[in-house]
Amino acid sequence: MGPVERLKPEERRGLPELPDVEKYPMVITRFAPNPNGPLHLGHIRAALLSHEYARRYKGKFILRFEDTNPENALLEMYELIRRDLRWLDMSWDEEHAQSDRLELYYNYAEQLLSEGKAYVCTCSIEDFRELRDRGEPCPCRELSSGEQLQRWRRMLAGGIAKGEAVVRIKTNLNHPNPAVRDWPALRVTAKPHPRMEERYSVWPLYNFSVSIDDHEMGVTHIIRGKEHEVNEQRQRTLFEHLGWKYPTAVQYGRLNMAGMALSKTQTMQGIRDGELTGYDDVRLGTIAALRRRGFVPEAIKQLILDIGPTLVDSSLSWETLYAYNRKFSDERADRYFFVQNPVKVLVHKTPDLKQVRLRLHPGHPEHGERILPLAREGDALVFYLAGEDTTVLQEGQIFRLKDLMNVTLSSKGKVLEAEFQGLELADVPKIQWVSAGAVEVEVIKPDNSREFGLAEPAVAGLKVDTILQFERYGFVRVDAVRPKLVAAYAHR
RNA sequence: GCCCCUGUGGUGUAGACCGGUCAAUCAUGCGAGCCUCUCGAGCUCGCGACCCGGGUUCAAAUCCCGGCGGGGGCACCA
Numbered sequence: 078m079g080p081v082e083r084l085k086p087e088e089r090r091g092l093p094e095l096p097d098v099e100k101y102p103m104v105i106t107r108f109a110p111n112p113n114g115p116l117h118l119g120h121i122r123a124a125l126l127s128h129e130y131a132r133r134y135k136g137k138f139i140l141r142f143e144d145t146n147p148e149n150a151l152l153e154m155y156e157l158i159r160r161d162l163r164w165l166d167m168s169w170d171e172e173h174a175q176s177d178r179l180e181l182y183y184n185y186a187e188q189l190l191s192e193g194k195a196y197v198c199t200c201s202i203e204d205f206r207e208l209r210d211r212g213e214p215c216p217c218r219e220l221s222s223g224e225q226l227q228r229w230r231r232m233l234a235g236g237i238a239k240g241e242a243v244v245r246i247k248t249n250l251n252h253p254n255p256a257v258r259d260w261p262a263l264r265v266t267a268k269p270h271p272r273m274e275e276r277y278s279v280w281p282l283y284n285f286s287v288s289i290d291d292h293e294m295g296v297t298h299i300i301r302g303k304e305h306e307v308n309e310q311r312q313r314t315l316f317e318h319l320g321w322k323y324p325t326a327v328q329y330g331r332l333n334m335a336g337m338a339l340s341k342t343q344t345m346q347g348i349r350d351g352e353l354t355g356y357d358d359v360r361l362g363t364i365a366a367l368r369r370r371g372f373v374p375e376a377i378k379q380l381i382l383d384i385g386p387t388l389v390d391s392s393l394s395w396e397t398l399y400a401y402n403r404k405f406s407d408e409r410a411d412r413y414f415f416v417q418n419p420v421k422v423l424v425h426k427t428p429d430l431k432q433v434r435l436r437l438h439p440g441h442p443e444h445g446e447r448i449l450p451l452a453r454e455g456d457a458l459v460f461y462l463a464g465e466d467t468t469v470l471q472e473g474q475i476f477r478l479k480d481l482m483n484v485t486l487s488s489k490g491k492v493l494e495a496e497f498q499g500l501e502l503a504d505v506p507k508i509q510w511v512s513a514g515a516v517e518v519e520v521i522k523p524d525n526s527r528e529f530g531l532a533e534p535a536v537a538g539l540k541v542d543t544i545l546q547f548e549r550y551g552f553v554r555v556d557a558v559r560p561k562l563v564a565a566y567a568h569r
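All residue numbers in the first sequence are consecutive under our numbering, ending with 569.
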């Protein structure tokens with residue numbers, strides 16, 4: 078139906094246009110991770126969207142480490158995060174760490190205190206909350222700016238212990254959401270910072286440093302998760318105090334991966350307890366884990382961009398990720414034979430064959446060939462077949478050793494025996510096999526369980542990080558080659 | 001409890017702001033077939049959705065109201 082109408086192919090896929098682009102001379106976005114844990118799919122969504130938009134509008138993309146909590150920032154994370162971004166082919170035009178910018182935050186804090194737009198609160202958190210929930214000011218709020226500055230200097234000089242004082246931004250005390258009222262901007266911390274060590278003991282809180290940096294760095298579009306809705310309201314109050322224009326905000330919903338814990342806290346806890354093997358434990362949804370399993374960055378990127386910046390929560394299935402990944406892996410991955418739980422089979426009455434040469438990739442002859450040598454034992458050729466394949470086979474059944482020969486299973490006794498039938502391609506079940514020079518392989522499955530088997534000799538020359546397909550088994554990445562070959566499993 | 005967001009097939013999305021061309025897009029999934037010396041890939045065909053109820057209108061997935069469902073936030077974390 079609609080024969081003419083249907084021809085219209087102009088259906089635009091990809092991200093929607095960013096709002097307000099015309100209001101700015103240049104689009105500037107940022108990715109602002111807390112270096113307290115590994116990046117996962119959820120973080121990457123923020124990064125990828127921000128990066129993609131910056132590139133689309135020929136703007137600027139900033140990487141900013143939000144490391145203002147000395148309690149949980151981890152030195153190793155800065156580089157792991159950069160690595161993950163590079164792996165996903167993201168480049169950034171500027172890089173900052175908030176821990177380098179404390180003087181800047183202090184200056185603004187002082188300005189706000191002297192202008193009566195902020196105050197140093199020494200109330201206990203319980204007392205403050207009680208007043209706040211009633212919409213009433215705490216006693217500290219009423220003090221003169223001179224007294225505020227005095228308190229502030231005492232904070233900076235180390236005269237106030239952790240938890241004893243906090244700088245609050247004044248807001249409307251009747252704001253409908255109590256969480257927004259007189260929110261905290263800077264606090265005293267006790268632990269040394271991984272980068273700055275003992276140099277500072279007063280650290281800004283998220284909403285304060287984010288606001289200042291977004292303004293100072295000229296960020297035009299803030300793309301972030303909807304869990305920041307209330308934070309945005311808080312930040313707007315600060316922008317008003319300082320007479321700044323709030324950037325355009327774009328929010329997206331939560332991204333759930335079926336059956337996968339994306340939580341940073343849980344991940345870190347698991348690693349500490351030894352429940353998980355590391356940031357790249359194959360059970361995790363971290364970028365490091367996906368990389369380890371052999372997912373290709375383009376697949377992850379395309380999937381995330383296809384989901385786009387929708388405000389609705391999405392729960393992704395692994396199947397979808399697999400489908401995206403197969404598209405890329407299938408093109409690139411060379412093929413090899415692998416038999417899980419190998420079972421020995423003797424094939425009698427065969428021609429005198431020594432080896433067989435096969436293409437590395439069925440669709441790409443230019444990838445080259447591999448050689449599978451054949452082992453002989455007396456008058457028979459020796460093969461190893463996957464245990465599961467042999468249990469299904471019946472005595473008398475004819476099947477084909479793929480790319481080699483047809484045989485009939487003659488005995489399923491203690492040793493499996495078969496008889497040669499012919500070389501010509503036949504319409505019978507085809508199964509993978511290995512013979513001489515087979516290599517032991519350990520496969521790490523996505524649940525971190527192990528499977529063992531033998532692969533053809535050609536895999537011995539593979540390097541770590543190679544992505545390949547074990548035919549009829551799945552796509553894997555070479556995770557280690559010594560002391561033995563270990564492969565991490567991605568998917569079928 | 002309080003503040004806020006959201007609801008299109010099994011899943012992820014397009015369409016919604018500017019109602020009609022939407023008997024609703026694309027992908028994935030599932031089913032059938034073709035192709036292929038892999039249970040992978042590719043090709044063809046098929047299955048499958050506008051949360052519910054009102055209202056506005058000649059006309060509603062699209063606008064309004066109510067209900068129900070899902071989610072986020074209410075840290076001296078980010």
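Don't be surprised by glycine CBs; every beta carbon is placed ideally from N, CA and C.
Here the structure is a predicted model, which is why all the values come from computation and not from measurement.
Kindly confirm or deny that the segment 247 to 259 and the segment 231 to 238 touch, where touching means at least three C-beta pairs closer than 8 angstroms. By the Cβ criterion, the segment 247 to 259 is not in contact with the segment 231 to 238, since fewer than three pairs of Cβ atoms, one from each stretch, lie closer than 8 angstroms.
Could you tell me whether the Cβ atoms of HIS318 and PRO147 are closer together than 8 angstroms? Start at 1 with the first residue of the first sequence, and residue 318 comes out as number 241. Start at 1 with the first residue of the first sequence, and residue 147 comes out as number 70. Taking 8 angstroms as the cut-off, the beta carbon of HIS318 is found no closer than this to the beta carbon of PRO147.
Helix, strand or coil, according to DSSP, for GLU88 in the structure here? What you label residue 88 is simply residue 11 of the first sequence in a count that begins at 1. Unreliable positioning characterises GLU88 in this predicted model, as indicated by a pLDDT of 34, which lies under 50. A coordinate reading is not provided.
What does a CB cutoff of less than 8 angstroms around TRP164 pick up in its chain, not counting 5 residues either side in sequence? The count along the first sequence starts at 1 and reaches residue 164 at position 87. Within its own chain, the residues whose Cβ lies closer than 8 angstroms to the Cβ of TRP164, once the five positions on either side in sequence are excluded, are ILE364, ARG368, PRO374, listed in chain order.
So who's on the other strand from TYR329, going by DSSP bridges? As a working mapping, residue 329 is identified with position 252 in the first sequence. TYR329 pairs with GLY302.
Can you tell me which of the three DSSP states PHE46 falls into? Outside the modelled stretch of the chain, which goes from 78 to 569, sits residue 46, for which no answer is possible.
Where do the N-terminal and C-terminal ends of the alpha helix (DSSP H) with SER288 fall, by residue? Reading the first sequence from its first residue, position 211 is the one you call residue 288. Looking at the DSSP string, the run of the alpha helix (DSSP H) that includes SER288 is 283 to 293.
Where are the alpha helix (DSSP H) runs, 4 residues long or more, that stay fully inside the segment 319 to 405, in chain order? Segments of the alpha helix (DSSP H) lying fully in the segment 319 to 405: 341 to 350, 364 to 370, 374 to 384.
Measure how close the beta-carbons of LYS479 and LYS507 come, nearest whole angstrom, since I'm counting them as under 8 angstroms. In the first sequence, residue 479 corresponds to position 402, counting from 1. In the first sequence, residue 507 corresponds to position 430, counting from 1. Confirmed, about 4 angstroms.
Environment of ALA238 [buried if 16+ CB atoms lie within 10 Å]: As a working note, residue 238 is residue 161 in the first sequence. That one is exposed.
As a quick exercise: from ASP390, SER392, ARG453, ASN402, pick the residue whose alpha carbon is nearest that of LYS378. Stepping through the first sequence from its first residue, residue 378 is reached at position 301. Scanning ASP390, SER392, ARG453, ASN402 for the CA closest to the CA of LYS378 turns up ASN402.
Using alpha carbons as the reference points, say which of VAL420, PHE414, GLY114, LYS135 lies closest to VAL433. Within the first sequence, the letter at position 356 stands for residue 433. Relative to VAL433, the option among VAL420, PHE414, GLY114, LYS135 whose CA is nearest is PHE414.
Test item: CB-CB of ARG272 and ASP144 under 8 angstroms: Here residue 272 refers to the residue found at position 195 when the first sequence is read from its first residue. Here residue 144 refers to the residue found at position 67 when the first sequence is read from its first residue. The Cβ atoms of ARG272 and ASP144 lie closer than 8 angstroms to each other.
Contact belief for GLY302 with MET334 at Cβ below 8 angstroms, rounded distance in angstroms: Mapped onto the first sequence, residue 302 falls at position 225. Mapped onto the first sequence, residue 334 falls at position 257. GLY302 to MET334, Cβ: 15 angstroms. No contact.
Helix, strand or coil at PRO80 [DSSP, three-state]: By one-based count along the first sequence, residue 80 stands at place 3. Caution is warranted here: a pLDDT of 26 is assigned to PRO80, below 50, making its placement in the model unreliable, and the coordinate value is therefore given only provisionally. PRO80: coil per DSSP, three-state reduction.
Within a Cβ cutoff of 7 angstroms, which residues of the same chain sit near THR199, ignoring the five residues on either side of it in sequence? For this step, residue 199 is matched to residue 122 along the first sequence. Only CYS217, GLU241, ALA242 meet the Cβ criterion.
Rounded to whole angstroms, how far is the Cβ of SER490 from the Cβ of ASN418, which I believe are closer than 8 angstroms? Position 413 of the first sequence, counting from 1, holds the residue named residue 490. Position 341 of the first sequence, counting from 1, holds the residue named residue 418. Looking at the sequence itself, residue 490 is Gly, so the reference to Ser does not match. About 18 angstroms separates the beta carbon of GLY490 from that of ASN418, a gap too long to meet the 8 angstroms contact definition.
How far does the beta strand (DSSP E) with TYR183 in it reach, from first residue to last? As a first step, residue 183 is located in the first sequence; it is residue number 106 there, counting from the start. Counting along the chain, no beta strand (DSSP E) covers TYR183; the unbroken alpha helix (DSSP H) around it starts and ends at 179 to 191.
By the 10 Å Cβ neighbour count, where 16 or more other Cβ atoms means buried, how is LYS421 classified, buried or exposed? Locating residue 421 in the first sequence gives position 344, where the first residue counts as 1. So LYS421 counts as exposed.
Inspect the CB distances between the segment 554 to 564 and the segment 390 to 407 and report whether three or more fall short of 8 angstroms. No contact exists between the segment 554 to 564 and the segment 390 to 407.
Tell me which residues share the same chain as HIS425 and place their Cβ nearer than 6 angstroms to its Cβ, disregarding the 5 neighbours each side in the sequence. Taking the first residue of the first sequence as 1, we reach residue 425 at position 348. Non-local C-beta neighbours of HIS425 in its own chain, meaning closer than 6 angstroms and more than five positions away in sequence, comprise ALA457, GLU496, ordered along the chain.
Evaluate contact between the segment 290 to 297 and the segment 320 to 330, counting only Cβ atoms and requiring at least three cross-stretch pairs below 8 angstroms. A contact exists between the segment 290 to 297 and the segment 320 to 330.
Please classify THR314 as buried or exposed, where buried requires at least 16 neighbouring CB atoms within 10 angstroms. Within the first sequence, residue 314 is the residue found at index 237, counting from 1. Its Cβ being crowded by 16 or more others within 10 Å, THR314 is buried.
Hey, how far is the Cα of ARG206 from the Cα of GLU408? The residue you call residue 206 lines up with position 129 of the first sequence. The residue you call residue 408 lines up with position 331 of the first sequence. Whole-angstrom Cα-Cα distance: 59 angstroms.
Grab me the residues of PRO86's own chain with a C-beta within less than 7 angstroms of its C-beta, minus the 5 sequence neighbours each way, in chain order. Here the question's residue 86 lines up with position 9 in the first sequence. Confidence at PRO86 is low in this model, with a pLDDT of 26, below 50, so the placement of that residue should be treated as unreliable; the coordinate-derived value is given next. Result list for PRO86: empty, nothing under 7 angstroms.
Count the other CB atoms, across all protein chains shown, that sit within 10 Å of the CB of MET154; report buried if there are 16 or more and exposed otherwise. Position 77 of the first sequence, counted from the start, is the residue given in the question as residue 154. Per the 10 Å Cβ criterion, buried.
Considering only residues of the same chain and omitting the five flanking positions on each side of LEU382, which have a CB-CB separation below 8 angstroms? Locating residue 382 in the first sequence gives position 305, counting from the first residue. Here LEU382 has GLY91, LEU92, LEU125, LEU126, GLU129 as same chain residues with Cβ atoms under 8 angstroms from its own Cβ, once five neighbours each way along the sequence are excluded.
On a CA-only basis, which of GLN546, SER488, TYR329 is nearest ARG436? Give me that one, please. The residue you call residue 436 lines up with position 359 of the first sequence. Out of GLN546, SER488, TYR329, GLN546 has the C-alpha closest to the C-alpha of ARG436.
In angstroms, rounded to a whole number, what distance separates the CA positions of PHE142 and ALA174? Looking up residue 142 in the first sequence gives position 65. Looking up residue 174 in the first sequence gives position 97. The alpha-carbon of PHE142 is positioned some 5 angstroms away from that of ALA174.
I need the boundaries of the beta strand (DSSP E) containing ARG572, first residue and last residue. Residue 572 lies beyond the residue range present for the chain, which begins at 78 and ends at 569; the question has no answer from this structure.
VAL511 versus ALA535: straight-line alpha-carbon distance, rounded: Here the question's residue 511 lines up with position 434 in the first sequence. Here the question's residue 535 lines up with position 458 in the first sequence. Taking the straight line from one Cα to the other gives about 11 angstroms.
Start-end ranges of the beta strand (DSSP E) lying completely within the segment 234 to 281, minimum 3 residues: 243 to 246, 261 to 265, 279 to 281, all fully within the segment 234 to 281.
Using the C-alpha atoms, what's the distance from PRO110 back to ALA503? Residue mapping note: residue 503 aligns to position 426 of the first sequence, counting from 1. Residue mapping note: residue 110 aligns to position 33 of the first sequence, counting from 1. Rounded to whole angstroms, ALA503 to PRO110 spans 57 angstroms at the Cα level.
Give the DSSP-derived three-state secondary structure of ALA109 in the structure shown. What you label residue 109 is simply residue 32 of the first sequence in a count that begins at 1. Here DSSP, grouped into helix, strand and coil, assigns ALA109 to coil.
Residues in its own chain within less than 7 angstroms of ASN573 by CB, not counting five upstream and five downstream? The question about residue 573 has no answer, for the chain in this structure spans 78 to 569.
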